[in-house]
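Have a look at the structure below before the remarks.
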Amino acid sequence: MTDAPAPALCVVVPCYNEALNVAPMVAALDAALTGLAWEVVFVDDDSPDGTADTVRRIARTDPRVRCLRRIGRRGLSSAVIEGALSSSADFIAVIDGDLQHDETRLPAMLHKVEDGADIAIGSRHVGDGDAAGLASPLRERLSATGISLAQMLARAPINDPMSGFFLLRRTRFEALAHRLNGQGFKILLDLLLAAPQPLTIVEVPYQFRPRTAGESKLDILVLVQFAGLLIDKSLGGVLPLRFLAFALVGAFGMLVNLLVTSAARRLGLDFGTAQTIGTIIAMIANFELNNRLTYRTMRLRGGGYWRGLVLFMLVCGLGAIANIGIARALYHDNTAGLAASAAGAAIGVVWNYAVSATLVWRA
Ligand code: GDD
Ligand code: MN
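Residue numbers are given in UniProt numbering: position 38 of the sequence shown equals residue 38, and the series is strictly consecutive.
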């Protein structure tokens, strides 16, 4: 036994390039959480700005501060999951590391959960909550669309399902952890959708502050991942999300192939050459897209990138041969042309997926 018991509250702070915000964040938590036994875990994805070093410097003199550094990984949701699972505290709070969320609401949120709520959510859309910190009309529009979609899926009435600011018991988090999608930004929505029974939610209003240092990491890929999360959850996990993304990229590749082939034909190349060029370019485009989207979390770089590209082209080349072979054989057997092509394509995509998931992007 040591004389330092596990803290009651663990504040998980996902960070990417937030070096300038770390010290103000610790000071803000210190002021907001007086009288509570708390710790803060900054989960940093190896930010180039030295966020992890900044956290460690503070941790040297303040044992409440911890650094969880991940290398070769990116993602707000997965960072939060790992930060939460690293703690022994009874309660887990999640808050952004850029001071946009209002940490002074944390004690109120803690009381709500102590009083029996499954989860307390900092909400920009109830009472005197406010989303002034949303930077542009476009962001407001995107935010509104996302909210409607999320409200449809979450089976609990909730005003701000897109919030990234919430608090719940660690045991509850852990019970849901194995059912989380873990991709993208929407860890709260992920948790709500993972619950077998709707959670009892209490929303605590707060004012979303503008960012003062650093910049937002929300980009188009994050929005694609959000769409992926919704598709994944609405299909009830029947088809793995990765497979859907892979198939979508594959369909896009067929389009690229068609366009390049016909362009090459128009330049006067013979059909065989034109199709070979079309196929190669489509494969490279597909590899690039899969590497950036489908397998974003295990993205290949450097030497691994080239090795992956060559393997991917070999795998898909075999897939294409199988695809054409099956389509021909079926066509020969009097199956209608379109059905034969569809069967060929379906078997081709399953083959490509299965083999590249095990050989190219090894989990
Ligand atoms: N570890 C890690 N890895 N942290 C990340 C990553 C990542 O890949 N991407 C973003 N973060 C951290 C940021 O450093 C910041 O502390 C927090 O996650 C939120 O990221 P922002 O880039 O500031 O997002 P935002 O302000 O556009 O949106 C946030 O606030 C909204 C309102 O609550 C997100 O939390 C949204 O999910 C939330 O709806
Ligand atoms: Mn932010």
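Glycine included, C-beta positions come from ideal geometry on N, C-alpha and C.
Quantities reported herein were computed from a predicted structural model and do not represent experimental measurements.
May I ask whether a heavy atom of ligand 1 can be found less than 6 angstroms away from the beta carbon of residue i?
| i | result |
| --- | --- |
| M109 | no |
| L229 | no |
| R141 | no |
| S163 | yes |
| C316 | no |
| T45 | Thr is not the amino acid found at residue 45; the sequence shown has Asp there. Checking every heavy atom of ligand 1 against the Cβ of D45, one is found closer than 6 angstroms. |
| L269 | no |
| L76 | yes |
| L248 | no |
| L68 | no |
| A345 | no |
| Y16 | yes |
| L20 | no |
| F185 | yes |
| A79 | yes |
| L218 | yes |
Nearest chain D C-beta to residue i closer than 7 angstroms, yes or no?
| i | result |
| --- | --- |
| G184 | Among the chains of the structure shown, chain D does not appear; only one protein chain is present. |
Taking Cβ to Cβ, would you say residue i is nearer than 7 angstroms to residue j?
| i | j | result |
| --- | --- | --- |
| G319 | G278 | no |
| I81 | C10 | no |
| V202 | A120 | yes |
| G122 | R139 | no |
| P14 | A59 | no |
| P7 | A28 | no |
| V94 | V222 | no |
| Q100 | R211 | yes |
| R57 | V41 | no |
| A154 | L188 | no |
| Y295 | W361 | yes |
| R64 | E39 | yes |
| R124 | F208 | yes |
Give me the residue from the options with the minimum Cα distance to residue i.
| i | options | result |
| --- | --- | --- |
| A19 | D46, P5, L36, L33 | D46 |
| L68 | T212, D90, S87, D44 | D44 |
| R169 | N352, K112, A213 | K112 |
| A285 | T297, T273, L248, A264 | L248 |
| L218 | R57, G184, A227 | G184 |
| A264 | I281, R141, Q197, A251 | I281 |
| L230 | L99, D190, G302, A175 | D190 |
| F246 | C316, S87, Y353 | Y353 |
| P107 | Y206, F243, K233, L269 | Y206 |
| G250 | W361, A31, L359, W351 | W351 |
| F252 | M283, D232, K233, V224 | M283 |
| S77 | D96, S87, P63, R64 | D96 |
| V315 | I71, F287, S356 | S356 |
| A31 | E103, W361, P63, D53 | E103 |
| T61 | F208, G214, V26 | V26 |
| A52 | E39, N17, G35 | N17 |
| G182 | T145, E215, G228 | G228 |
| R172 | P157, D118, F208, G303 | D118 |
| G317 | F287, A175, G116 | F287 |
| L309 | Q275, L359, T276 | L359 |
| G164 | D98, P196, I220 | D98 |
| G214 | P5, Q275, P48 | P48 |
| P196 | K233, I220, G303 | K233 |
When you compare only the Cα positions, how much space is there between residue i and residue j?
| i | j | result |
| --- | --- | --- |
| N290 | L33 | 44 angstroms |
| L180 | F271 | 48 angstroms |
| M152 | M162 | 13 angstroms |
| F166 | N159 | 13 angstroms |
| A84 | A194 | 16 angstroms |
| M109 | V204 | 7 angstroms |
| R266 | L199 | 60 angstroms |
| L311 | V55 | 40 angstroms |
| M254 | R307 | 23 angstroms |
| A322 | A23 | 58 angstroms |
| L259 | A345 | 18 angstroms |
| L149 | A177 | 23 angstroms |
| T273 | N257 | 12 angstroms |
| P137 | M298 | 33 angstroms |
| G146 | R74 | 22 angstroms |
| E114 | V224 | 36 angstroms |
| R292 | L269 | 32 angstroms |
| F226 | K186 | 7 angstroms |
| S87 | L300 | 31 angstroms |
| G50 | N21 | 12 angstroms |
| E174 | A156 | 20 angstroms |
| A276 | M313 | Position check: residue 276 holds Thr in this sequence, whereas Ala was assumed. If I take the Cα positions, the gap works out to 12 angstroms. |
Residues passing the C-beta test against ligand 2 heavy atoms, cut-off 7 angstroms:
With the cut-off at 7 angstroms, the residues found are D96, D98, Q100, R211, S216.
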